[in-house]
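A.B. asks: Please read through the structure below; I'll follow up with questions.
Numbering (the UniProt record's numbering), first residue to last: 1 to 177.
As structure tokens, this is what we get:
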């Protein structure tokens, strides 16, 4: 293996779904998770460029573009689970300990179930709002041209492997820095 100084490969990927597939393939075959970053959140992009959604080649050309670790669908699944379950738990606690009588099994059952239903409904609405907001942000960035991904590599073999994977998943504007 020929060692090279640490270098970065950047590319533009058209959709969030493809970013996730590229990320999974890269971590399975070539690089570690911490070696991959993607463009920052829309708020970080707005701080740097003045608008939340910019063309990816503008982000790619920038020397100090906002970057973050990839936030994948399974990570988002955890967020949705918590967004749903925490309000449900709070509803159960309120139903049993505040509204109901702790000494009465019937009260605990009735108000616990009612609290779970109300909390579950609030959790469902919260999770739907978060999901819709995320999809809207991804759609806006995809309409701008896609997402920028940076991969840190440390040897010549990785350069070729990473470029091949990026090309296989339709990445454009691939640059080795």
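Using N, Cα and C, we set each Cβ at its ideal position, and we do this for glycine too. None of these values were measured; they are calculated from a predicted model.
Out of curiosity, what's the CA-to-CA distance linking residue 78 and residue 118?
C.D. replies: Each residue's alpha carbon lies about 21 angstroms from the other.
A.B. asks: Is it buried or exposed, residue 176, if we count other Cβ atoms within 10 angstroms and call 16 or more buried?
C.D. replies: So residue 176 ends up on the exposed side.
A.B. asks: Considering residue 63, what are the terminal residues of the beta strand (DSSP E) in which it resides?
C.D. replies: Taken as a continuous stretch (DSSP letters only), residue 63 belongs to no beta strand (DSSP E), as it is neither H nor E.
A.B. asks: What are the start and end residues of the alpha helix (DSSP H) that includes residue 147?
C.D. replies: Segment 147–155 is the beta strand (DSSP E) holding residue 147; no alpha helix (DSSP H) there.
A.B. asks: Please return the same chain residues whose Cβ sits closer than 6 angstroms to the Cβ of residue 161, not counting the five positions on each side in sequence.
C.D. replies: Cβ neighbours of residue 161 beyond the five flanking positions: 30.
A.B. asks: How about residue 8 and residue 165: are their beta carbons less than 9 angstroms apart?
C.D. replies: Not in contact: residue 8 and residue 165 (Cβ atoms no closer than 9 angstroms).
A.B. asks: Considering only their Cβ atoms, is the gap separating residue 36 from residue 152 smaller than 9 angstroms?
C.D. replies: Closer than 9 angstroms, so yes.
A.B. asks: Taking the runs of the alpha helix (DSSP H) that are 4 residues or longer, which of them lie wholly in the segment 17–67?
C.D. replies: 42–49, 56–61, all fully within the segment 17–67.
A.B. asks: How far does the beta strand (DSSP E) with residue 174 in it extend, from its first residue to its last?
C.D. replies: Residue 174 -> beta strand (DSSP E) spans 172–176.
A.B. asks: Could you tell me if residue 16 is buried or exposed, where buried requires 16 or more neighbouring beta carbons within 10 angstroms of its beta carbon?
C.D. replies: Buried.
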